[in-house]
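Below is one structure, written out as structure tokens, with a few remarks after it.
Residue numbers (my numbering): 207 to 340.
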């Protein structure tokens, strides 16, 4: 059996819980003793990566939520809102969070991530303020 780096990177963390996404059959979340929640997309297994991307983990690792100060004791996907998760840690902290769409949607370009590039227009005068001399 051949073991690659991507097979061994996350083995040292004991997984406490795993749960499939209610909206996507290839995506699941897992939590462990490291205070982090990992989001995985099995449809991305063996996708090619740049060396920089490979530093962040295997291609199937979509996201790591590292906002807890204690071990995550439970988490749950929101059944109605895609990629919204509530996670609870052993220090009684609950966090509700959502993964940004550009993380899981490859069709979104950099332009969409950086926001609107519109301009700010000066205030317009209304007929009422013009007649009052303001």
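Note that beta-carbon positions come from the ideal geometry of N, C-alpha and C, so glycine has one too.
Cβ separation of residue i and residue j, assumed to be a contact under 8 Å, to the nearest whole Å
i, j, result
"residue 270", "residue 244", "5 Å"
"residue 295", "residue 241", "7 Å"
"residue 222", "residue 237", "5 Å"
For residue j and residue i, the rounded distance between their alpha carbons
i, j, result
"residue 255", "residue 249", "14 Å"
"residue 188", "residue 234", "Outside the modelled stretch of the chain, which goes from 207 to 340, sits residue 188, for which no answer is possible."
"residue 309", "residue 257", "18 Å"
"residue 228", "residue 283", "7 Å"
"residue 225", "residue 285", "12 Å"
"residue 305", "residue 267", "13 Å"
Endpoints, beta strand (DSSP E) assigned at residue i
i, result
"residue 300", "300 to 304"
"residue 233", "233 to 238"
"residue 227", "Run containing residue 227: none; DSSP gives neither H nor E here."
"residue 271", "267 to 271"
Close Cβ partners of residue i (< 6 Å) along its chain, the five nearest in sequence each way excluded
i, result
"residue 232", "247, 248, 249"
"residue 253", "265"
"residue 288", "229"
"residue 272", "242"
"residue 251", "266"
Any C-beta of chain B under 8 Å from that of residue i
i, result
"residue 226", "Among the chains of the structure shown, chain B does not appear; only one protein chain is present."
Sequence-distant residues of its chain with Cβ nearer than 8 Å to residue i (five each side left out)
i, result
"residue 299", "274, 275, 276"
"residue 290", "283, 284, 302, 303, 304"
"residue 281", "223, 225, 235, 237, 243, 291, 292, 293, 294"
Boundaries of the alpha helix (DSSP H) in which residue i is found, first to last residue
i, result
"residue 260", "257 to 261"
"residue 308", "307 to 310"
Burial state of residue i, where buried means 16 or more other Cβ atoms lie within 10 Å
i, result
"residue 311", "exposed"
Beta-carbon proximity list for residue i, same chain, < 7 Å, skipping 5 on both sides
i, result
"residue 297", "275, 276"
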